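To start, the structure under review is shown below, and the notes come after it.
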Amino acid sequence: MDICCAILAGGRSTRMGVDKHSLKIGREMLIERVIRKASPIFGRVFIVSKEESVPSFGLPVMKDLLPYGSPLVGIVSALLYAETESVFVLAADMPFLTEEGILYLMEKRGGEDIVLPVTEKGFEPLHAIYRRTCLPYALRNVERGMFSISALFPYLSVKFIRDEGAFSCNGVSVFTNVNTREDLEFARRSLGGDHL
Numbered sequence: 047m048d049i050c051c052a053i054l055a056g057g058r059s060t061r062m063g064v065d066k067h068s069l070k071i072g073r074e075m076l077i078e079r080v081i082r083k084a085s086p087i088f089g090r091v092f093i094v095s096k097e098e099s100v101p102s103f104g105l106p107v108m109k110d111l112l113p114y115g116s117p118l119v120g121i122v123s124a125l126l127y128a129e130t131e132s133v134f135v136l137a138a139d140m141p142f143l144t145e146e147g148i149l150y151l152m153e154k155r156g157g158e159d160i161v162l163p164v165t166e167k168g169f170e171p172l173h174a175i176y177r178r179t180c181l182p183y184a185l186r187n188v189e190r191g192m193f194s195i196s197a198l199f200p201y202l203s204v205k206f207i208r209d210e211g212a213f214s215c216n217g218v219s220v221f222t223n224v225n226t227r228e229d230l231e232f233a234r235r236s237l238g239g240d241h242l
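Right, dumping it as structure tokens:
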């Protein structure tokens with residue numbers, strides 16, 4: 047398989063005061079849930095984090111290679127660590143993630159540099175596929191202090207996937223993440239005892 051999966055686990059949340067990926071939905075940590083959904087699909091899954099103490103559940107933890115707190119830095123690190131042509135990047139705090147959504151996006155990829163979903167709220171760079179061809183442009187932008195993913199778009203071939211029906215779990219967008227205590231409680235209420 048020419049694609050692996052990198053789970054980006056940022057550090058301590060400034061809004062919540064804790065490492066979000068360690069918070070639990072039922073008996074599972076957020077990151078554990080993402081690992082469980084991704085692992086059956088990919089031959090290789092690894093975690094990218096600026097902290098080595100992230101719960102890894104047996105997966106390799108790769109340290110962010112650059113000292114900036116930005117999703118783009120995590121994506122660059124994932125591409126540099128990858129041994130495949132492409133990397134499916136996932137955020138560690140997506141409790142509504144589904145295997146179906148991952149597989150659907152993979153089915154839609156062709157030879158593009160980036161394949162990512164777009165919703166009415168915008169594009170979703172942390173549930174997306176990046177090819178190694180992104181690296182020179184991403185590194186250049188990081189060096190220039192340009193951390194927006196969209197700043198890459200003019201230089202690369204990008205495929206936007208707009209089928210929101212494929213990205214739903216229990217009627218909630220799979221891109222919904224956990225940034226606040228309210229988000230966490232919403233996920234707990236919505237998913238209940240769901241461990242599927």
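All the letters of the sequence shown, read from the start, carry residue numbers 47 to 242 under our numbering.
Ideal Cβ placement from N, Cα and C applies to all residues, glycine included.
Note that the structure is a prediction, hence the values are computed from the model and not measured.
Please confirm if the segment 159–175 is in contact with the segment 86–99, defined as three or more CB-CB distances below 8 Å between the two stretches.
-> Because the criterion of three Cβ pairs below 8 Å is not met, the segment 159–175 and the segment 86–99 do not touch.
Report buried or exposed for residue 48, applying the criterion of at least 16 other Cβ atoms within 10 angstroms of its Cβ.
-> The residue is exposed, with fewer than 16 neighbouring Cβ atoms inside 10 Å.
If residue 71 sits next to residue 237, beta carbons under 8 Å apart, how far is it from one beta carbon to the other, in whole angstroms?
-> Cβ-Cβ separation between residue 71 and residue 237: approximately 6 Å, consistent with a contact (criterion under 8 Å).
Taking C-beta to C-beta, are residue 76 and residue 140 nearer than 9 Å?
-> In this structure, residue 140 lies closer than 9 Å to residue 76 by Cβ.
Could you give the distance in angstroms between the alpha-carbon of residue 146 and the alpha-carbon of residue 153?
-> Each residue's alpha carbon lies about 10 Å from the other.
Is the closest heavy atom of the ligand GTP to the C-beta of residue 205 under 8 Å?
-> The model depicted lacks the ligand GTP and carries no ligand whatsoever.
First and last residue of the uninterrupted alpha helix (DSSP H) at residue 82 | Per DSSP, the continuous alpha helix (DSSP H) segment holding residue 82 begins and ends at 76–84.
Does DSSP classify residue 66 as helix, strand or coil?
-> DSSP places residue 66 in the helix class (H, G or I) of the three-state scheme.
What three-state label does DSSP hand residue 179 in the structure shown?
-> When DSSP states are grouped into helix, strand and coil, residue 179 belongs to the helix group.
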